[in-house]
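Residue numbers (the working numbering): 4 to 425.
Following this line, the structure appears as structure tokens:
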């Protein structure tokens with residue numbers, strides 16, 4: 004299982020650079036009469052770094068290469084000095100100013116390269132795992148970003164990669180990569196520093212997604228934490244069966260596999276090629292959390308109960324015929340739920356699909372001829388932000404009608420987008 008920090012969150016950019024504030028991004032803005040005033044603040048990420056801009060395209064803060072906490076009001080950077088020691092900075096993402104620094108002996112870096120992989124941050128944003136970059140060992144530093152607990156160093160025999168960390172900071176989940184797409188999930192107890200015996204698997208699915216030794220089979224696509232941070236959901240593609248959801252309980256250290264996504268067990272060449280368009284989005288409707296798995300390239304959507312860990316409803320919706328061959332680009336945030344919980348937006352190879360969450364029916368298709376790689380919805384339900392597939396502009400749309408309001412031209416290309424929490 005791989006981590007990406009919440010669909011509501013921006014996929015993390017990594018390493019560190021000093022923040023700067025108030026510079027002119029020189030973005031260009033094309034505005035229609037439909038444009039409305041807004042106080043929204045956007046967070047745009049790329050391998051080069053993360054920038055914060057206002058709804059008119061003006062730069063608010065240049066955060067450099069950072070890991071974003073939930074809501075993107077706080078970010079974390081790791082700097083290695085000339086002596087080979089590491090400073091972990093807690094940054095106010097609204098201003099770019101460093102609020103607190105933790106010093107670590109030795110070189111410690113973010114757990115993965117920039118991308119859809121894990122950020123190293125717990126769902127609640129309190130615990131951050133950094134890795135020893137040397138290839139001949141597995142070691143981690145677990146840092147309390149609140150600063151109230153001293154960092155904990157773990158040295159694990161063998162070769163493992165970070166998968167997830169629990170909200171209480173007690174369980175560090177690791178991936179042991181095997182041949183091809185095979186892997187095992189293990190857990191290290193942070194308090195004792197010991198790797199626990201056995202693998203974390205769904206014993207009900209032995210011979211389907213895992214063997215008797217806990218070896219699972221699949222390629223990671225996307226992930227999001229559940230409503231309380233207890234469960235962590237990842238979409239994997241089994242090499243012959245198609246997509247499934249791996250649900251990891253970070254509190255009890257167990258896993259369950261959700262196999263009844265619409266195409267599991269009957270995925271053909273087209274379904275396998277469009278696997279990167281599977282996205283997870285967590286929403287809330289009438290105080291009840293709802294998890295959606297959606298693929299806008301295939302016109303498939305499933306409602307997952309994040310408490311019962313099962314699909315409650317699935318549906319298809321009309322989309323253009325998929326383009327043959329692999330996906331031309333990989334969305335970073337390919338789905339978003341409106342804050343009121345009644346609208347699900349999903350990206351396909353072209354267009355934005357608006358799905359009614361009460362019955363999973365297609366209500367409208369926005370920007371039918373355009374391709375996008377990321378979506379974010381304003382806190383007031385009114386505005387939809389769509390990052391172009393080439394990363395060079397942001398389309399600003401009326402979230403209810405899809406009517407274009409503004410296009411923000413970006414001075415530098417981005418590949419992920421989020422709205423900063425007010």
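Don't be surprised by glycine CBs; every beta carbon is placed ideally from N, CA and C.
If you look at residue 63, you'll find it in the beta strand (DSSP E) that goes 62-67. Judged by their CB atoms, residue 170 and residue 220 are not nearer to each other than the 8 angstroms cut-off.
Cβ atoms of residue 344 and residue 288 come within 8 angstroms of each other, at about 4 angstroms. DSSP places residue 191 inside the beta strand (DSSP E), whose first and last residues are 185-192. A distance below 8 angstroms separates the beta carbons of residue 176 and residue 167. The shortest C-alpha to C-alpha distance from residue 336 to any of 351, 181, 276 is the one to 351. Taking the CA atoms as reference points, residue 341 sits about 16 angstroms from residue 44.
Per the C-alpha coordinates, the member of 226, 251, 74 positioned closest to residue 233 is 251. Boundaries for residue 132: no alpha helix (DSSP H) harbours it, while the beta strand (DSSP E) harbouring it runs 130-134, taken from the DSSP string. Here residue 311 is not bridged, per DSSP, to any residue. Going by DSSP, residue 145 is part of the beta strand (DSSP E) stretching over 141-147. Around the C-beta of residue 298, 16 or more other C-beta atoms lie within 10 Å, and the residue is accordingly described as buried.
Shown here, residue 279 sits in a helix according to DSSP, grouped into three states. Counting along the chain, the unbroken beta strand (DSSP E) around residue 246 starts and ends at 245-252. Membership of residue 357 in the beta strand (DSSP E) is indicated by the continuous run 355-359. Residue burial is scored here from C-beta neighbours: residue 152 has fewer than 16 other C-beta atoms within 10 angstroms and is therefore classed as exposed.
Under the DSSP assignment, residue 102 falls in the beta strand (DSSP E) whose first and last residues are 100-107.
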